[in-house]
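Novice: Dropping the structure in here first, questions after.
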Amino acid sequence: MSSSGGTTWRRCRPRFDCLEKYLNRGFRLYAAWVCQHPWPFIVVPVLLSVVLSAGIPYRHVLYSALYLYTPQDGTSKYEQRVFEQTWPQTNTTFQPSRSVIDLRQCQVIVSARDRGNVLRPALSKAVLRLNDFIVNDIVIENDGITYGYKDLCLSTNKFCYNNPQVAIISQMFAEPNPYGNLSYPTATFANSRIYLGLTLGGVELDPVSGQIQQAKAWFLIYQLRFDSEFENWLSSKWELEFERALLHYQDEMLQLTVFHSQTLDLELSKNSDYMMPKMSLMFMSLIIFATLCAVTFIWDQDGLPWVDWTRSTPLLAFAGIVGAGMGVASSIGLLSILGVSFCEVIGVMPFLVISVRLDNTFLMTSSLFHTKRSASVAERISEAMGDAAVSITITVLTDVLSFGVGYFTSFPAVQLFCTYTCVAMIVTFIYQLTFLLGLLVLHARNEARGKHCLMPVIKTYTVKETKSRNILLRLFCTGSSSTNVKEPCSTTTNFDNGYTHRLSGNNNNNNNNRATTAEKATAVGVGVEWDHCHGPVAEFKANAQEGTWISRGFRNYFAPFLMKPWTKAGIVLLYLVYLGTSIYGCIGLKEGLEPVNLLVSDSYAINFYRDLERYFWHIGVQVQATFNRPGNLSDPENRLKIYNIVQEFANSPHGMGEEGLEFWLYEFQQFLPKYNGLHVDDLDERRFYENLEAFLQFTENRRFANDVLLDYELDDEEPPPPPIDDVKLRSLNQSSRSSSSSSSSSNNNPDLRSNRDRNSKRRRRIVGVRAFRLMIGIKKFATALDQTETTISFRQLADKHANYNITTFHYIWPFVDQYIEVLPNVLQEVYSGMACMVLIALLLIPQPLCSVWVTLMIASIDIGVVGYMTLWNLSMDCVSMITLIMSIGFSVDFSAHIAYAYTVSQDNAPLDRIRFALGGLAWPIIQGGLATILGVLVLSDVNSYMVKAFFKTVLLVIVIGVVHGIIFLPVLLSITDFKIWRTLITPKVSSTNGAQQHHQSAKGHSNSGLDLPSETPALPLPVEKTKATTNNKNSCIFTVIPQPERR
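This is the structure we're talking about:
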């Protein structure tokens, strides 16, 4: 540092805060503009929110859990399309085990109330009565017409499917001699093999004979038509009547659990019904909390505190909550008008946004609180917004970008949530810069006039004036007056935390006059340096700080306690334990949102899923496999390869073996010796397909007719008919247009009759198999891990034999894709979010070293959230993914300001730098965390896994983040004190324009106003007489004035 002409200069050093000064200047200019005309900025947002909120009733709500909570580009979506296109589910072709979609399908699991054998004769009769009741007695009415199940059902072989296996199995169990033994998983009845794995659950076999001894449950299916829009509507109406009737069905022996294609979607919608009543409770708790934080106290000569009704800001706190609510309503209405879909998980968004955005309300009111009261309103508002510029921008940018990055996931529910939350954050921020800022101007005007903060028509009185008044006046009309502040000059001095705000000069002369006056009043510029690159700068030391009694408690007691050697050792040990348990939890991470967890806790469908897992998913479930390029099946070598592939599927770790297969080619091979005494290997190509056609026409084999897609061609024994010339073709087309003449034209045209005669003599001949499918029985399919392993193993086997283009599918496959894809999506969001947060830190915080700590803290917090989430019995799913995305933005708020304040502190000892950081930031961090927790605390008792998981993960994010910010990070910073880095990177004296904003105005900065007398007087500062001169008309003078101890 060199001195020239009585002015102290400092060598220019590179700065990284390339946006900070522009934000500060822009916010100051904008605030000055609002000060001139505040009412338009208040009224217009209110009117705009009313207009935009009108779009809320028109939102398009999506209820499809299969679409919302499974990846859009999942492999199962392709697999499902293959089966839907190749094996469409139409009338006359329905088979329960071959269903690809459960649209308009009703299911019932029937068990005994005594948990006994459902094959007992009495129970079998009760099940048959139930089946008859469903088929015949559940009806709906439309336009005077009654529709029952038989009127709406899909047919199987031209007969309405009504669970005929119930009577057959009951007879076989009761009378095995005439009907045959009841084996498992397949039984033979009247020369037909019946697969029982999908019908009977909880089966116990005789260890000697292998026959069924007892079964615990029946699985009944009722499939309705959905081809036309009218049929689909009628079927959906019948489903609801089916639900109502069976939930009230009474039978002393049977216990029923029911499910239909609308169950998951309708029950999912109940989540919002459970959350809406909590909204008012959330508003009340936040209003109380914000009001308490907005109360300011003053003390009389006896040391008694009185509420300062002039400087307190309860109405501004209330307005901040209302403004956040306006932002949420406006964003939902706006996106609804734009046609963006809405889903139920977005119902938790208002709880999050309103509580989080309350932080900016604290920040803006706190900044105003710390300005000099003797200054004009315009100067105070400009100063406050200039000080809060960077902090407000950081808090909004981190949250908006974290949710913006979250949009780029594979899950529509997460995309929609992030879209709505991101827009709500932006709109709420705009309302805070208009609606709330306008009200802030009005409050500053009332404060300057000494008016009551709640009733501006009432004047407040000083403590001295109310001393002789009654107690009510002292309680409710005591206030401080700005006229009592005596200033020796017009400097904009502020005693917030021991350093001053910059002056706003109109011209060079004014600046010089102010500088001269300031020097006289403050012992000629105490501690002031002039930065040739960046203007005047001020000291930042722990002992120069002022603040509330809570802030002084963190600075003078909590920080020294943290810096004791034994405390450091204990905290480092605690941090290692934290990391160890977090990593242990991450190792046992459970992935995926199971369908049952989409339901509210009292949903009737939960019992259905439990019975499904208990009785049917351990063994007996069937997976469909299709060979889309089977080749020539008459070739023995090709058939042998296919047999071997099928064996690989059947004998895989989750396969049931050959007894679990339903494969038409096996049945065809056994059919031939009985039918014509031939063996399949003895047939040439033509005879193979002729016998295959005969096999599929037999009644007992008709169930396989829909498993084989045959290629035909016309027999070439006769020459093809001659072509019809254009004249005859036009004549035929004209005749076909008229219904009255079409019949006569067809009968009188000799060429057409000749063509029909020729075609009638020819017949179609099978020349090959285009595709075929088979059913593979599986076991160990009950848990999400089992389902994932099964899906992956079957897909790997299919990929292994790519020349046959094999596709496998089960209706749980889409949810398994969610289990598989959720972790890669989370990692992608974390990496991208961390990169964005580091970029923000580099652009807005003038210390690149902070980006290192920001990155480490984000990683540490996210690891902790994931690990403890697992230990709390939560899975990594779409809900936890949302909160992890949120935690990325919050991690910056918890860590960036602490690391920055520690770095810019001018104290030499790590203890003093920690005191400086915690004295200014510990309480604001806690305050912001408490506001967020209060906002979501009301969701803790909602009977929904999704809502409870949201509350738990948000709680983990806040608690872990706050502990990192005020305990772990300070200790780690003091231990790894990179003095060399601070010397190279950190300016010796930091700019108030950058540093003070982050120290004074962290996210959620306190505006409690509890301005008790300082317990520790400021240390005397060295006095150096310096003459600050500048040729820049916009330059500003900084002064640091030691404040005398209050008594």
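Note that the numbering used here gives residue 919 to position 137 of the sequence shown, counting from 1, and the numbers run on in steps of one.
From the three backbone atoms N, C-alpha and C, an ideal C-beta is built for every residue, glycine too.
For clarity, every value in this text was computed on a predicted model and none was experimentally measured.
#1: Measuring CB atoms only, is the region 1388-1402 touching the region 982-999, in the sense that at least three cross pairs come out at less than 8 Å?
#2: What is the rounded straight-line gap between the Cα of residue 1480 and the Cα of residue 1487?
#3: Going by other Cβ atoms of all chains shown within 10 Å of its Cβ, with 16 needed for buried, is residue 1700 buried or exposed?
#4: Could you give the distance in angstroms between the alpha-carbon of residue 908 and the alpha-carbon of residue 1066?
#5: Could you tell me the distance, in whole angstroms, from the CA atom of residue 1580 to the CA atom of residue 996?
#6: Please state the DSSP three-state secondary structure of residue 1388.
#7: Leaving out the 5 sequence neighbours to the left and right, which residues in its chain are closer than 6 Å to residue 952 when beta-carbon positions are compared?
#8: How is the alpha helix (DSSP H) around residue 1225 delimited, first residue to last?
#9: Since residue 1588 and residue 1572 are thought to touch, with beta carbons under 8 Å apart, how far apart are those beta carbons, to the nearest angstrom?
#10: Check whether the Cβ atoms of residue 886 and residue 1021 sit closer than 8 Å, and answer yes or no.
#11: Taking the CB atoms as reference points, tell me whether residue 1199 and residue 1178 lie closer together than 8 Å.
#12: Can you tell which of 1681, 852 and 1679 has its C-alpha closest to the C-alpha of residue 1194?
#13: Pair every Cβ in the region 1370-1383 with every Cβ in the region 1655-1663, then say whether three or more of these pairs are closer than 8 Å.
#14: Assuming residue 1666 contacts residue 1612 (C-beta within less than 8 Å), just tell me the rounded distance between them.
#15: Excluding the five sequence neighbours on either side, which residues of its own chain have a C-beta within less than 6 Å of the C-beta of residue 1219, listed in chain order?
#16: Distance check for residue 1334 and residue 1328, CA to CA, integer angstroms please.
#17: Within 10 angstroms of the Cβ of residue 1720, are there 16 or more other Cβ atoms? Answer buried if so, exposed if not.
#18: Is the beta carbon of residue 1676 less than 8 Å from the beta carbon of residue 1747?
#19: What does a CB cutoff of less than 6 Å around residue 1539 pick up in its chain, not counting 5 residues either side in sequence?
#20: When the distance is taken between beta carbons, is residue 1145 closer than 8 Å to residue 1171?
#21: Where does residue 1163 land, buried or exposed, given buried means 16+ other C-beta within 10 angstroms?
#22: Using the Cα positions of residue 1750 and residue 1434, report the straight-line distance between them to the nearest angstrom.
#23: Using 10 angstroms around the beta-carbon of residue 1060, count the other beta-carbons present and answer buried if the total reaches 16, otherwise exposed.
#24: Less than 8 Å separating the beta-carbons of residue 1696 and residue 1237?
#25: How far does the beta strand (DSSP E) with residue 1559 in it reach, from first residue to last?
#26: What does DSSP give as the partner residue(s) for residue 1485 in the beta ladder?
#27: Who are the near neighbours of residue 1019 in its chain, counting only those whose CB is closer than 7 Å to its CB and skipping five residues on each side?
#28: So, with DSSP's three-state summary, where would you put residue 915?
#29: Tell me the DSSP secondary structure of residue 1441 in three-state form.
#30: With residue 1081 as the anchor, note down where its beta strand (DSSP E) starts and where it stops.
#31: Using a Cβ-Cβ cut-off of 7 Å (strictly less than) and excluding sequence neighbours within five positions of residue 1390, which residues of its own chain qualify?
#32: Report yes if the CB atom of residue 878 is closer than 8 Å to the CB atom of residue 976, and no otherwise.
#33: Just to confirm before moving on: does the CB-CB distance between residue 900 and residue 999 stay below 8 Å?
#34: Out of 876, 958, 880 and 1473, which one is the CA nearest neighbour of residue 936?
#35: Can you give me the Cβ contacts of residue 1462 inside the same chain, cut-off strictly under 6 Å, excluding the 5 residues immediately before and after it?
#36: Note down, in chain order, each residue of its chain lying with its Cβ closer than 7 Å to the Cβ of residue 1128, except the 5 sequence neighbours on either side.
Specialist: Taking the coordinates as given:
#1: yes
#2: Sequence index remark: in the sequence shown, residue 1480 carries index 698 (1-based). Sequence index remark: in the sequence shown, residue 1487 carries index 705 (1-based). When rounded, the separation of the alpha-carbon atoms in residue 1480 and residue 1487 is 10 Å.
#3: As a first step, residue 1700 must be located in the sequence shown, where it is residue number 918. Answer is buried; the Cβ neighbour count reaches 16.
#4: In the sequence shown, residue 908 corresponds to position 126, counting from 1. In the sequence shown, residue 1066 corresponds to position 284, counting from 1. Using only the alpha carbons, I get a separation of about 54 Å.
#5: Counted from its first residue, the sequence shown places residue 1580 at position 798. Counted from its first residue, the sequence shown places residue 996 at position 214. Roughly 36 Å between the two C-alpha positions.
#6: Start at 1 with the first residue of the sequence shown, and residue 1388 comes out as number 606. Helix, per DSSP.
#7: Sequence index remark: in the sequence shown, residue 952 carries index 170 (1-based). So the list reads 906, once near-sequence residues are dropped.
#8: The sequence position of residue 1225 within the sequence shown is 443, counting from 1. Residue 1225 -> alpha helix (DSSP H) spans 1219-1231.
#9: Position 806 of the sequence shown holds residue 1588. Position 790 of the sequence shown holds residue 1572. Not quite, the Cβ-Cβ distance comes to about 15 Å (not below 8 Å), so this is no contact.
#10: Locating residue 886 in the sequence shown gives position 104, counting from the first residue. Locating residue 1021 in the sequence shown gives position 239, counting from the first residue. In this structure, residue 1021 lies closer than 8 Å to residue 886 by Cβ.
#11: In the sequence shown, counting from the first residue as 1, residue 1199 sits at position 417. In the sequence shown, counting from the first residue as 1, residue 1178 sits at position 396. Not closer than 8 Å, so no.
#12: In the sequence shown, the residue the question calls residue 1194 occupies position 412. Cα-wise, what sits closest to residue 1194 is 852.
#13: yes
#14: As a position in the sequence shown, residue 1666 is number 884, starting the count at 1. As a position in the sequence shown, residue 1612 is number 830, starting the count at 1. Rounded, the Cβ-Cβ distance is 7 Å, consistent with contact.
#15: Walking along the sequence shown from the start, residue 1219 turns up at place 437. 816.
#16: Reading the sequence shown from its first residue, position 546 is the one you call residue 1328. Reading the sequence shown from its first residue, position 552 is the one you call residue 1334. A caution first: residue 1328 carries a pLDDT of 48, below 50, which makes its placement in the model too unreliable to give a value.
#17: On the sequence shown, residue 1720 is found 938 positions in, with the first residue counted as 1. By the 10 Å Cβ count, residue 1720 comes out buried.
#18: As a first step, residue 1676 is located in the sequence shown; it is residue number 894 there, counting from the start. As a first step, residue 1747 is located in the sequence shown; it is residue number 965 there, counting from the start. Yes, Cβ-Cβ distance for residue 1676 and residue 1747 is below 8 Å.
#19: The residue given as residue 1539 occupies position 757 in the sequence shown. Its pLDDT being 49, under 50, residue 1539 is placed unreliably by the model, and nothing is read from it.
#20: Counting from 1 along the sequence shown, the entry for residue 1171 is found at position 389. Counting from 1 along the sequence shown, the entry for residue 1145 is found at position 363. No.
#21: Mapped onto the sequence shown, residue 1163 falls at position 381. With 16 or more other Cβ atoms within 10 Å, it is buried.
#22: Within the sequence shown, residue 1750 is the residue found at index 968, counting from 1. Within the sequence shown, residue 1434 is the residue found at index 652, counting from 1. C-alpha separation (whole angstroms): 50 Å.
#23: Within the sequence shown, the letter at position 278 stands for residue 1060. Buried: at least 16 other Cβ atoms inside 10 Å.
#24: Taking the sequence shown and counting its residues from 1, one reaches residue 1696 at position 914. Taking the sequence shown and counting its residues from 1, one reaches residue 1237 at position 455. The answer is no: Cβ separation not under 8 Å.
#25: Position 777 of the sequence shown, counted from the start, is the residue given in the question as residue 1559. 1546-1561 is the span of the beta strand (DSSP E), which, as asked, contains residue 1559.
#26: Here residue 1485 is taken as the residue at index 703 of the sequence shown, counted from 1. Its beta-bridge partners do not exist; DSSP assigns none.
#27: Taking the sequence shown and counting its residues from 1, the one referred to as residue 1019 is at position 237. Correct list, in chain order: 922.
#28: Here residue 915 refers to the residue found at position 133 of the sequence shown. Note: residue 915 maps to helix in three-state DSSP.
#29: In the sequence shown, counting from the first residue as 1, residue 1441 sits at position 659. DSSP places residue 1441 in helix when its eight states are reduced to three.
#30: As a first step, residue 1081 is located in the sequence shown; it is residue number 299 there, counting from the start. Note, residue 1081: beta strand (DSSP E), 1079-1081.
#31: On the sequence shown, position 608 is the one that residue 1390 refers to. Same-chain partners within the cutoff: 891, 1039, 1040 and 1041.
#32: For this step, residue 878 is matched to residue 96 along the sequence shown. For this step, residue 976 is matched to residue 194 along the sequence shown. Not closer than 8 Å, so no.
#33: For the purposes of this step, residue 900 is taken as residue 118 along the sequence shown, with counting starting at 1. For the purposes of this step, residue 999 is taken as residue 217 along the sequence shown, with counting starting at 1. In contact: residue 900 and residue 999 (Cβ atoms closer than 8 Å).
#34: As a working note, residue 936 is residue 154 in the sequence shown. Cα-wise, what sits closest to residue 936 is 876.
#35: Position 680 of the sequence shown holds residue 1462. Taken in chain order, the residues that qualify are 1451 and 1454.
#36: In the sequence shown, the residue the question calls residue 1128 occupies position 346. If we look at residue 1128 and ignore the five residues flanking it on each side, its Cβ neighbours are 1198, 1199 and 1202.
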